[in-house]
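Participant: Questions regarding the structure given below will be posed in turn.
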Amino acid sequence: MEAVPSYLKVLFSKPMTSNAAFNWVKDSYSDIMALKSQQKPAGVAAPTVLGWRVDKREVTKSAGSDDEHSLELMLTQDFPNVVSGELVFNTWSLLTILEAFRKLFPLTKDLAILQTINDDCVTIRVGIAPFRDAPVVHSIMVLARGQIDGGYLVSMRSVPLSVGQKAFAADEASYLPVLVWFMLLDKYDEFAQPMCEVIVGASTQHKSERVLHRLSTEFIAGLVRWQDAVSQRKQWLL
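Residue numbering for the sequence shown follows my numbering, beginning at 1 and increasing consecutively.
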């Protein structure tokens, strides 16, 4: 197990209240919808990766920063003969059990549940290498699941930081502010058979463009493994 950097204790010095966690998840929704609004309409030509339509994959210079870059990533795929309730249950298990998470992202060095707020919201610590032999990047995130119009949303977002904590984190190259989400929407195909539209998004910032590009590649590879995992849940969680 990778040693946990001591600075993470400064960034999460005390448990979140349930109200603070709820408000943080609620605030994340507007950022999620801002990225989702850039989803390409069905039928519009878009690049694909192993069955996933790439709606956005972009590394750009962060606004208002001289040395930081931002990654925005969003992919979509329809899953036939499956409902959102099944996918949200399986996804939750994959994101909260180290052995399962490591099968999605083999370079994961650390995953721990720091706080259980309720059955649908926990605070977790994650450490993952962007690529083999690279320094591990860390984050502390609120992981939540809940019903939305038409299905479910699973989101993982780095915990809110005070002004002082943000300044402290900015000096730590290994800390990664992250927002990752799975939107699972129930639909029907042209034969009135159930299917689930899965939209997955991620956004983060880092000083290294290389780290962001490699994280993008690793995230897409993990998403393909997730697709395999949710259809073989029992085998993956053994």
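The C-beta atom is built at its ideal place from N, Cα and C for all residues, glycine as well.
Using a 10 Å radius around the Cβ and a threshold of 16 neighbouring Cβ atoms, would you call D133 buried or exposed?
Facilitator: Classification of D133: exposed, given that the 10 Å Cβ count is below 16.
Participant: If we count the other Cβ atoms within 10 Å of its Cβ and call it buried at 16 or more, is W236 buried or exposed?
Facilitator: Legend: pLDDT at W236 = 44, less than 50; position of this residue unreliable, value from coordinates given subsequently. Classification of W236: buried, given that the 10 Å Cβ count is 16 or more.
Participant: Distance, Cα to Cα, S162 vs K26?
Facilitator: Taking the straight line from one Cα to the other gives about 18 Å.
Participant: Taking 8 Å as the threshold, find out whether the region 196-208 comes into contact with the region 60-76 through three or more Cβ pairs.
Facilitator: Yes: the two stretches touch, three or more of their Cβ pairs being nearer than 8 Å.
Participant: For F219, does the three-state DSSP call read helix, strand or coil?
Facilitator: In the structure shown, F219 sits in a helix (DSSP, three-state: H, G or I).
Participant: Do M195 and Y152 have their beta-carbon atoms positioned less than 9 Å apart in this structure?
Facilitator: Against a cut-off of 9 Å, the Cβ pair of M195 and Y152 comes out as no contact.
Participant: Which value, in whole angstroms, describes the spacing of the CA atoms of G150 and Y188?
Facilitator: Each residue's Cα considered, the two are about 12 Å apart.
Participant: Take the Cβ of Q39 as the centre, count every other Cβ of all protein chains shown within 10 Å, and call the residue buried at 16 or more, exposed below.
Facilitator: Per the 10 Å Cβ criterion, buried.
Participant: Given this structure, state the Cα-to-Cα distance separating N81 from L87, to the nearest angstrom.
Facilitator: C-alpha separation (whole angstroms): 11 Å.
Participant: Any contact of the region 3-20 with the region 136-143, i.e. 3+ C-beta pairs under 8 Å?
Facilitator: The region 3-20, when compared against the region 136-143, does touch it at the 8 Å Cβ threshold.
Participant: Taking the alpha carbon of R57 as the point to measure from, which residue in L215, D228, Q227, I128 has its own alpha carbon closest?
Facilitator: Residue L215 is the option with its Cα nearest to R57.
Participant: Please return the same chain residues whose Cβ sits closer than 7 Å to the Cβ of V239, not counting the five positions on each side in sequence.
Facilitator: No answer is possible for residue 239: the residues shown for the chain start at 1 and end at 238.
Participant: What's the C-alpha gap between L50 and G164?
Facilitator: So the two alpha carbons sit approximately 43 Å from each other.
Participant: Of the choices V83, S174, D186, Q77, whose alpha-carbon is the least far from that of S208?
Facilitator: Here the closest residue by C-alpha is S174.
Participant: Could you name each continuous alpha helix (DSSP H) segment of 4 residues or more that falls completely within the region 77-160, going from the start of the chain to the end?
Facilitator: Fully enclosed alpha helix (DSSP H) runs of 4 or longer: 84-96, 98-104.
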